[in-house]
Every structure is written in structure tokens, then in C-alpha cells.
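Report on one structure; see the data block that follows.
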Amino acid sequence: MRTENIGSFLEGIVEYKGFIEELKSSDSKLTLQSISESIPFTLEKLSIDLKRPLLILTPKQDQAQQIYEQMQYWGARNVALFNETEVLPFERVSPDLQIGYQRISVLDALKDNLTDQVLVSSASAVMQKTVSPQDFTQSEIKLSIGGSHEFRSLIDLWVSCGYTVETIVEHHGQISYRGGIIDIFPSN
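In terms of our numbering, the sequence shown opens at residue 861 and continues consecutively.
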């Protein structure tokens, strides 16, 4: 399905054209009312027409998940879901590692391409504490073919970033080394 053709019928509706023009102005405060089934479709069309990042916030995580899945169904190109960790700040429970890795992947995608990214999230997910942009950038390591790196400093850096040293690497956030070979399962 070609995403450029999605919702082309909306372009002929005067109210939709006016809505887009108002959104393009810097001081717009608009409300879009629609039946719930058409919201993901309309949001995907808006992301195509506006050609700028969109942040879609929902009151609950399951609503964000539903909008994300339906936008993917309609062919959304750069849509990402930013999940909440499902752990309250005062609980003494470790958050689900898979959700943590998914959040890191979304942050990494936003860092690399913000021009037409669509981010779907719940209000509580965006309020949860995460790594600062400076720390996120400092912990990034670019490896290239033929490049030279200090072996022990790479291991120490990854351990300081939260990686665990294992004998066999099977999951995100694990590293293993034998001789001069490093096996790493990146977090993203």
C-alpha cells in the first residue's frame, strides 16, 4: 500500500484543508473530533501532510498500543511506540528489561531521525525518568570495520553502561569476551 495515497479523499474536504493550515501556524490550538476507529488513520494522514514530527499522547498505555498497531496497519513509515515501564517509582521491583530495551531503541531512533518521526505514547510513559540526552550520547560507541579500539576500555565502558559479562551472550545488554574476541548483544 502506498502511504502517499492514504486519505487522499480528505484533501478535497474544506474543513480538513483548514485544519492543516491552522496546524502549520505556530500558535494554533485545535481540537479534532472523530470516531475512535478513524483516529489512527487520520493521524497517519496528518503525519504525511505536515512532514514534521508528531507526538501522540494517550491517557493509558493500552490506547497508545492500539493506535500504534492501527497506524502500522495503515502503512505508517516512521511510527514508534514508547512504552511505560509498568513499575511505580516507589516499588522495589526491577522493571521488565525488554521494555527498557524497547525504550532505548525508540530514543535511539529519535536521536538519529526526528524529521518525520511519529511517536505514540501514554502520558505516564513520557513522565517516567529516563537517561539524559548527554549521557545517552556519551555512552554510544561507533565501531567500524578496520577500526582500532582499546580492548579492555571497551569492556569497561560497556559494563559501566549496564551491560553484564556472561559466558554466552543470549539477551540484550550482555557481553562476552574470549581472547581478542568480543561478543555483544546491543541494547537497541
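Where is the CB? At the ideal position from N, CA and C, for every residue including glycine.
Option nearest residue i by Cα separation, candidates the options
i	options	result
ASN943	GLU1030, GLN977, LEU906 and ILE964	ILE964
LEU870	ILE1041, SER885 and ILE908	ILE908
TYR961	TYR933, GLN932, VAL991 and PRO900	VAL991
ILE959	LYS971, SER981, ASP972 and LEU974	SER981
Three-state secondary structure (DSSP) of residue i
i	result
ILE1015	helix
GLU933	Looking at the sequence itself, residue 933 is Tyr, so the reference to Glu does not match. The answer is helix: DSSP assigns TYR933 an H, G or I state.
VAL1029	coil
LEU902	It is worth fixing the name first, because residue 902 is Thr in this sequence and not Leu. In the structure shown, THR902 sits in a helix (DSSP, three-state: H, G or I).
TYR1037	strand
SER896	helix
ASP1043	strand
ILE916	strand
GLU871	helix
VAL986	helix
Contact check, residue i vs residue j, beta carbons under 7 Å
i	j	result
ASP995	ASN938	no
ALA985	ALA940	no
LEU967	LEU915	no
ILE873	PRO900	no
THR945	GLN988	yes
Close-in-space but distant-in-sequence residues of the same chain around residue i (CB under 8 Å, 5 per side omitted)
i	result
ALA983	LEU917, THR918 and PRO919
ILE1015	VAL1025, ILE1035, TYR1037 and ILE1042
Spatial neighbours of residue i in its chain, beta-carbon cut-off 7 Å, leaving aside the 5 residues before and after
i	result
LEU883	LEU890 and LEU910
HIS1031	PHE1045
Euclidean distance between Cα positions of residue i and residue j
i	j	result
ALA936	ARG1012	42 Å
GLY1040	ALA924	44 Å
GLY1006	SER999	21 Å
LYS877	GLU897	21 Å
VAL947	TRP1018	25 Å
ILE880	PRO993	31 Å
Below-7 Å beta-carbon distance, residue i vs any chain C residue
i	result
GLU1030	You won't find chain C in this structure, because it holds only one protein chain.
6 Å Cβ shell around residue i - same chain, five flanking residues per side excluded
i	result
MET931	PRO900, GLU904 and VAL939
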